[in-house]
Amino acid sequence: MKFALLIEALGIAPNASQHGYSIDSMLEMLHWFMLLLFAGWGSFYAYTLWRFQAKKNPKASYTGAASHLPTKLEGGVLVLEVVLLMAFAAPIWADRVSQFPTGPDVIHLRAVGQQFLWNFQYTGPDAKFGDREPKLVSASNPLGLDRNDPDAFDDLTATGEMHVPVNRPIIVDVMSKDVIHDFCIPNMRVAQDAIPGSIIPLWFIPVKTGSYEIVCAQLCGNNHSLMKATLVVDTEADYEKWFNETAKLSGAKVVGTEMLTPAAPTLVASH
Ligand SMILES: [Cu+2]
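Once you know that position 202 of the sequence shown is 211 in this note's numbering, the rest is easy, because the numbers rise by one and skip nothing.
Quick look at the structure:
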């Protein structure tokens, strides 16, 4: 369903995720509702300016308005807002936080914020994240990945660029190395604070290939505005290519050009 006339005219980044359409519909509805309220209250305000001007009313009225219409209108607005919250917002939110996808199709990765960039860590075919040691952090190993950990030998790490295949469920564990950041992909309609010491997952299903901006949406220091990364939504084949090339560059132990996913494990053991 596509219902985003007003919000697109106002410049929202085009949606590219499966769940984003329901969020857009709600945003669109809210905007029309607010436009209606604005027009209603605005014309009421203009009317009172004209109706109660000093020239026509030299003496103040001590009885005031006798109509109950404003109370009824306020009641109507309240009911509409409860409906918006309970019938639209709450179910969408419940779906986001309690219906995490499972199964072999899921791509699971970590996004680790630091001043002022994003690092990414993907599990290899073992579907396990390798240990990270603060003392191993260096320019070439910004996540401090311990390659001697049995779970780490096939892990992929990347900085500034995150790739995912189109139409697959993506779970991102959002983390931080230093201060509070916020991992936000406007086109995917997801955002999550990155809290030091916490691992907080979010998920989405990208439905359009292309490059999208990942931003930090929480003021985190001097260069907060430069804290960007790129999300590339690839076709399955392009994703495999990227994964294999980047896995090798980042020091993962792999064989051949096989895809490093739980579905197609082709690895050498750690040595
Ligand atoms: Cu930040």
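C-beta atoms are modelled at their ideal positions from N, C-alpha and C, and glycine is treated no differently.
Judged by DSSP secondary structure, N157 falls outside any beta strand (DSSP E); it is assigned neither H nor E. If you draw a 10 Å sphere on the C-beta of N128, you find 16 or more other C-beta atoms in it, and that means buried.
Under the three-pair Cβ rule at 8 Å, the segment 24 to 39 counts as touching the segment 190 to 197. In the three-state DSSP reduction, P100 falls in the helix class (H, G or I).
Here I21 is not bridged, per DSSP, to any residue. Chain order is used for the residues whose beta-carbon lies nearer than 5 Å to a heavy atom of ligand 1, namely H190, C225, C229 and M236. Separation of the CB atoms of V188 and C225 is rounded to 10 Å, and the pair is thereby denied contact status at 8 Å. By the Cβ-count criterion, F53 is exposed, with fewer than 16 other Cβ atoms from all chains shown falling within 10 Å of its own Cβ.
Each of L58, L87, L258 and V115 was checked against the Cα of A167, and the nearest Cα belongs to L258. Q123 has its alpha-carbon roughly 11 Å from the corresponding atom of I204. Per DSSP, the unbroken alpha helix (DSSP H) holding L258 starts and ends at E245 to L258.
Per DSSP, the continuous beta strand (DSSP E) segment holding S220 begins and ends at G219 to C225. Shown here for A103: not one same chain residue has a beta carbon closer than 7 Å to its own, the five before and five after excluded. For R119, the enclosing beta strand (DSSP E) has its first and last residue at I116 to Q123. At a cut-off of 4 residues, the continuous stretches assigned as alpha helix (DSSP H) that sit fully inside the segment 21 to 93 are 29 to 60 and 78 to 92. Going by beta carbons, I180 and F252 fall outside the 8 Å limit. In the structure shown, the three-state DSSP call for M236 is coil.
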